[in-house]
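So the protein lines, in turn, are chains S and G. Quick note: the first sequence uses my numbering, first residue 1, plus one each step. Quick note: the second sequence uses my numbering, first residue 1, plus one each step. Backbone N, C-alpha and C define an ideal beta-carbon position, used for all residues, glycine too. On a predicted model such as this, the values are computed, not experimentally measured, just so you know. Only one structure is covered here, and it is reproduced in the block below.
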Amino acid sequence: MTLTEPVKDPVAAGADEPDRRPDAKPKDNRAWLLVLPVVVCVTFTALVPLMTVVNYSVQDIFSPSDRIFVGLEWFRSVTRDPEVRGAFLRTLLFSAQVLLIEIPLGVAIAVAMPRRGWTVSAALVVVALPLLIPWNVVGTIWQIFARGDIGLGGWAVNQVPGVDFNYTLDSADAWITVLVMDVWHWTPLVALLAYAALRSIPEPYFQAAQIDGASAWATFRRIQLPRLRGVLTIAILLRFMDSFMIYTEPFVVTGGGPGNATSFLSILLSKIAVGQFDLGPAGAFSLLYFLIVQIVSYVFFTVLTRSGR
Amino acid sequence: MADIRLEDVGHSYDGGRTWAVRPMTWTWRSGRAYALLGPSGCGKTTLLNIMSGLITPTTGRVWFGEREVTSVPTAGRNIAQVFQFPVLYEEMSVYDNLAFPLRNRRYPKDEVDRRVRAVSRMLGLDAHLGRRSRRLDPGRQQIVSLGRGLVRSDVAAVLLDEPLTVVDPAVRWTLRSTLKEIHRDTGHTLVYVTHDQTEALTFADEVVVLKDGAIVQAGEPAELFLSPAHEFVGHFIGSPGMNTLPGEVADGLVRVGGQVAGRADGPLPPGPVRVGVRPEFARLGDGPGSPGLPAEVTGVDRMGAYDLVHVRAAGHPLVARAEAGSPYEPGAAEFVRFAVGRVFLFRDAVRCGQVVPLNGRAG
Numbered sequence: 001m002t003l004t005e006p007v008k009d010p011v012a013a014g015a016d017e018p019d020r021r022p023d024a025k026p027k028d029n030r031a032w033l034l035v036l037p038v039v040v041c042v043t044f045t046a047l048v049p050l051m052t053v054v055n056y057s058v059q060d061i062f063s064p065s066d067r068i069f070v071g072l073e074w075f076r077s078v079t080r081d082p083e084v085r086g087a088f089l090r091t092l093l094f095s096a097q098v099l100l101i102e103i104p105l106g107v108a109i110a111v112a113m114p115r116r117g118w119t120v121s122a123a124l125v126v127v128a129l130p131l132l133i134p135w136n137v138v139g140t141i142w143q144i145f146a147r148g149d150i151g152l153g154g155w156a157v158n159q160v161p162g163v164d165f166n167y168t169l170d171s172a173d174a175w176i177t178v179l180v181m182d183v184w185h186w187t188p189l190v191a192l193l194a195y196a197a198l199r200s201i202p203e204p205y206f207q208a209a210q211i212d213g214a215s216a217w218a219t220f221r222r223i224q225l226p227r228l229r230g231v232l233t234i235a236i237l238l239r240f241m242d243s244f245m246i247y248t249e250p251f252v253v254t255g256g257g258p259g260n261a262t263s264f265l266s267i268l269l270s271k272i273a274v275g276q277f278d279l280g281p282a283g284a285f286s287l288l289y290f291l292i293v294q295i296v297s298y299v300f301f302t303v304l305t306r307s308g309r
Numbered sequence: 001m002a003d004i005r006l007e008d009v010g011h012s013y014d015g016g017r018t019w020a021v022r023p024m025t026w027t028w029r030s031g032r033a034y035a036l037l038g039p040s041g042c043g044k045t046t047l048l049n050i051m052s053g054l055i056t057p058t059t060g061r062v063w064f065g066e067r068e069v070t071s072v073p074t075a076g077r078n079i080a081q082v083f084q085f086p087v088l089y090e091e092m093s094v095y096d097n098l099a100f101p102l103r104n105r106r107y108p109k110d111e112v113d114r115r116v117r118a119v120s121r122m123l124g125l126d127a128h129l130g131r132r133s134r135r136l137d138p139g140r141q142q143i144v145s146l147g148r149g150l151v152r153s154d155v156a157a158v159l160l161d162e163p164l165t166v167v168d169p170a171v172r173w174t175l176r177s178t179l180k181e182i183h184r185d186t187g188h189t190l191v192y193v194t195h196d197q198t199e200a201l202t203f204a205d206e207v208v209v210l211k212d213g214a215i216v217q218a219g220e221p222a223e224l225f226l227s228p229a230h231e232f233v234g235h236f237i238g239s240p241g242m243n244t245l246p247g248e249v250a251d252g253l254v255r256v257g258g259q260v261a262g263r264a265d266g267p268l269p270p271g272p273v274r275v276g277v278r279p280e281f282a283r284l285g286d287g288p289g290s291p292g293l294p295a296e297v298t299g300v301d302r303m304g305a306y307d308l309v310h311v312r313a314a315g316h317p318l319v320a321r322a323e324a325g326s327p328y329e330p331g332a333a334e335f336v337r338f339a340v341g342r343v344f345l346f347r348d349a350v351r352c353g354q355v356v357p358l359n360g361r362a363g
């Protein structure tokens, strides 16, 4: 069989003569060559790095010439490591809090944003501003802003009687600082997505709701919320993945501390991989991390799209 | 139920520079079926929204019977409104859609159930009550959104804003009959906005023609056709519309292109006029007579059931309707006779008289 021989659909070939419809496109295996560039790109950007990680994760490497195959030993030790488990629970809690705050808050902001007039542009600019700031700059801003001595935010909080806010010493304060920073940074994304969806609802829906005597809540619940399902699915997925993999901002603000109060999975991972150069455990850790994000995203997506039917 | 009275009601979207609806006084009488007819952008929807309270008019007052409702919000007006496309609470079942306006008004549960079932029986929705509303076809969806309006007690009026736009032509006819039946059974005042004259003429007791935000004529369908009060009505209603020829009145005679077409039926100041006659009332082949004009045939459109003969009457294009298989050939000299009582004179687009035979009065 040469490369140019037409591929026969086994069912059709078994049934009768080849397709002779005028619009039937000729089949040519050389078409596979057209996807070759993508295959090459993906191989070098994703496949090879991933396989390198897999390679690390099943070996104990002492030097380039001295390595031992250890099977799943690294996976076993990583899953039993209390530090990893702690970071996992911490990250999960952080993501849950991020979703619980940012999704409703973003929707509320979108609902409250003006629908027409010059205030629309003004509101859009103000809301979008945090999204335009680079991650590590966000971290730097909050690192200074939240300081009790010279930061406006930290100083202001400390003016409240009985409050002693210091995120470098108190783990709850550090956690709150990172959480508030993430809410400030990413709620606008949810708000903008929701706003776009809300704007696409034709005016008669609101007029009908007025005629039906619907309260503001009923209008939101019955008209606006159903229309938000699609974008909220995307928003939840994006915010889950992003917050579950958060690295730069807590690294800049708290460096994972105090103690390990804000030491999320990504921070721990980079400490193991880059700081200690433990490539075996780091490889196993990375693959598990990757797998968790995939599974949770898949579950979210399936549940959210199914419930709409 | 009560009359809906618009008292000097006008609306401007730009602070009075241009009027979407010019200040008008008009009464929608209780229990009648009205068609609000006019081209796109003539203010039909604005007028409707003023009645339902979605828009507060810039000037004037709105009365429901003896109650002034100008500043009463939509929810307090008991209006049923159907929009151009089905507006449904898509996640809810048909039953919940119909119950929604009642639940918002805190009707007792068994009352809600009773009313929903009554309306669903009337609209033939019994078999679909449990389905999600967005799974229905567009025609049924419009019926459901109509039902949401009808389910309330004391509906003041049913307003329909081009409700059949999204519906298949084949289903339109059925739906229109359903609407007529509902009107007959419930006796609600019905205002039906459309830009389709067939829809308007077959549907309504009374047709109201709107142009540039003003009512130019209102009357029974036949009246609008036979006796247009405004040039626009002549053009807009009828297919093809009314012919209008530029003419002149002097010494009581109406001249078109130098030829005497007939006599004006009343004392009319001399000056230019437009002579309007429908193709149905312009006849060829009866020989010279009055009112009428000499004409030359320029072409014939064979429409199947009838022919449309294009002529130049005293130099101006005119269409006359003739029976199918008419013998007229392009180039033939003919005389076009106008039916007495069906030729009108317009000045500034408004009717100012009619053309009568030279020897005698209008019939």
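Between the alpha carbons of residue 34 (chain S) and residue 47 (chain S) lies a gap of roughly 19 Å. Each residue's CA atom was taken as its position, placing residue 219 (chain G) and residue 206 (chain G) some 5 Å apart.
A Cβ-Cβ separation of about 4 Å places residue 282 (chain G) in contact with residue 320 (chain G) under the 8 Å criterion. Put simply, of G:344, G:213, G:188, G:87 the residue whose alpha carbon is nearest the alpha carbon of residue 202 (chain S) is G:87. S:253 is the residue among S:253, S:172, S:262 whose C-alpha sits nearest the C-alpha of residue 144 (chain S). Residues of chain G with a Cβ closer than 9 Å to the Cβ of residue 207 (chain S) are, in chain order, 49, 52, 54, 74, 81, 83, 87. By the criterion of at least three beta-carbon pairs nearer than 8 Å, the region 64–81 of chain S is in contact with the region 274–290 of chain S. For residue 208 (chain S) and residue 149 (chain G), the gap between their C-alpha atoms comes out near 9 Å. Against residue 148 (chain G), the close residues of chain S are 212, in the order they occur along the chain (beta-carbon pairs closer than 7 Å). For residue 105 (chain G), the chain S residues whose C-beta falls within less than 7 Å of its own C-beta are 213, listed in chain order.
Pairwise C-beta distances place the region 9–29 of chain G out of contact with the region 113–120 of chain S, as fewer than three of them are shorter than 8 Å. In the three-state DSSP reduction, residue 165 (chain G) falls in the coil class, being neither helix nor strand. Taking 7 Å as the upper bound on Cβ-Cβ separation, chain G lies near no residue of the region 83–110 of chain S.
Contact between the region 149–169 of chain S and the region 97–105 of chain S is not established, with fewer than three Cβ pairs separated by less than 8 Å. For residue 218 (chain G), the three-state secondary structure derived from DSSP is strand. For residue 25 (chain S), there is no enclosing beta strand (DSSP E), as DSSP marks it with neither H nor E. For residue 97 (chain S), the secondary structure class from DSSP, reduced to helix, strand or coil, is helix.
Unbroken alpha helix (DSSP H) runs of no fewer than 4 residues, entirely contained in the region 169–240 of chain G, are found at 169–186, 197–203, 221–226, 231–236, following chain order.
DSSP, reduced to helix, strand and coil, places residue 63 (chain S) within a strand of the structure shown. Contact of residue 223 (chain S) with chain G by beta-carbon distance below 8 Å involves 89. Within the region 19–65 of chain G, the complete alpha helix (DSSP H) runs of at least 4 residues fall at 44–52. Per DSSP, the unbroken alpha helix (DSSP H) holding residue 149 (chain G) starts and ends at 138–150. With respect to chain G, the C-beta atom of residue 226 (chain S) has a partner C-beta closer than 8 Å.
Taking 4 residues as the shortest admissible run, the region 235–292 of chain G contains no complete alpha helix (DSSP H) segment at all. Within the same chain, and ignoring the five residues on either side of residue 32 (chain G) in sequence, the residues whose Cβ sits closer than 7 Å to its Cβ are 189, 205, 206. Assigned with DSSP and collapsed to three states, residue 117 (chain G) falls in helix. Judged by their CB atoms, residue 139 (chain G) and residue 179 (chain G) are not nearer to each other than the 8 Å cut-off.
In this structure, residue 82 (chain G) sits near residue 142 (chain G), with a CB-CB distance shorter than 8 Å. For residue 306 (chain G), the secondary structure class from DSSP, reduced to helix, strand or coil, is strand. Non-local beta-carbon contacts of residue 300 (chain G) in its own chain, meaning distances under 6 Å to residues more than five positions away in sequence, involve 307, 309, 328 in chain order. Residue 218 (chain S) reaches chain G at 104, counting residues in chain order whose Cβ is nearer than 7 Å. At least 8 Å separates the CB of residue 303 (chain G) from every CB of chain S. When Cβ-Cβ separations below 8 Å define contact, residue 281 (chain S) makes no contact with chain G. At a C-beta separation below 9 Å, residue 101 (chain G) has these neighbours in chain S: 211, 212, 213, 214. Here DSSP, grouped into helix, strand and coil, assigns residue 8 (chain G) to strand.
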